[in-house]
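Undergrad:
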Amino acid sequence: MKKPFFLFIVGLLLIGAGCAVHSDRTPRNTSATDTSAPNETMLIEKLYADVPEISEKSQEIRDVSNGDVTVSVRIDKEHREGDMYPVQVFEDHDTHTVTLWIFYISTTGDTVTHLNELTGEIESLETWRATRDELPE
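Mature numbering (1 follows the signal peptide of the UniProt record, and there is no 0) puts the sequence shown at residues -22 to -1, 1 to 115.
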């Protein structure tokens, strides 16, 4: 694994302030300071609409853990890259989090892409779906 990619992942895990978090256990929403861009709720709704796998994985994890573990989404509006916000989808345990996927959503909310964890490349959702079944979970 490349060191910059590792540092990027660690940085995403440590980011907390200024991020919107949606959890199926305790939904939270921080208001955006930029009123011209879609707010976090709109971006999260777009993400869930484009990536139904998040809801499916959330239900699966909730069932397996008897409701003790939930899936949350964090949009990092402070560290956007160009016109894309990084989005972390993670298991939310009582003592820690475990990243499941990292997506990017455009600042306008019209495009969602995936960060390939193995290559560090941004890929389309179609490519992610085609290749994710090849990886063991």
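The C-beta atom is built at its ideal place from N, Cα and C for all residues, glycine as well. From a predicted model like this one, the values you see are computed outputs, not experimental measurements.
For Ser84, report the span of its alpha helix (DSSP H) as first-last.
TA: Per DSSP, Ser84 belongs to no alpha helix (DSSP H); it is in the beta strand (DSSP E), 75 to 84.
Undergrad: Would you call the segment 59 to 74 and the segment 37 to 49 touching, i.e. three or more CB-CB distances under 8 Å?
TA: As far as the Cβ criterion goes, the segment 59 to 74 touches the segment 37 to 49, which means the pair count is three or higher.
Undergrad: Using the rule of at least 16 other Cβ atoms within 10 Å of the residue's Cβ for burial, across every protein chain shown, is Glu104 buried or exposed?
TA: Classification of Glu104: exposed, given that the 10 Å Cβ count is below 16.
Undergrad: Measure the CB-CB distance between Val90 and Ile80 and report whether it falls below 8 Å.
TA: No.
Undergrad: His57 by DSSP, collapsed to three states: which one?
TA: The answer is helix: DSSP assigns His57 an H, G or I state.
Undergrad: Classify His92: buried if its beta carbon has 16 or more other beta carbons within 10 angstroms, exposed otherwise.
TA: Answer is buried; the Cβ neighbour count reaches 16.
Undergrad: Would you list the residues sitting across from Leu93 in a DSSP beta bridge?
TA: Beta-bridge pairing links Leu93 to Ile100.
Undergrad: In the structure shown, what three-state DSSP assignment does Ser50 receive?
TA: Correct three-state label for Ser50: strand.
Undergrad: Would you say Pro16 and Thr77 are within 8 Å of each other, going by their C-beta atoms?
TA: It is not a contact, given that the beta carbons lie outside the stated cut-off.
Undergrad: Under the rule that 16 or more other beta-carbon atoms within 10 Å means buried, what is Ser50, buried or exposed?
TA: Classification for Ser50: buried.
Undergrad: Give every residue of the same chain whose Cβ lies closer than 7 Å to the Cβ of Met20, excluding the five residues on either side of it in the sequence, and list them in chain order.
TA: Excluding positions up to five away in sequence, the list reads Gly87.
Undergrad: Give the range of the alpha helix (DSSP H) segment to which Asp28 is assigned.
TA: Taken as a continuous stretch (DSSP letters only), the alpha helix (DSSP H) holding Asp28 covers 18 to 28.
Undergrad: Report the CB separation of Ser33 from Met62 in whole angstroms; it is logged as a contact under 8 Å.
TA: 22 Å between Cβ atoms; not a contact.
Undergrad: Can you tell me whether DSSP reads Asp70 as helix, strand or coil?
TA: Three-state DSSP puts Asp70 in a strand.
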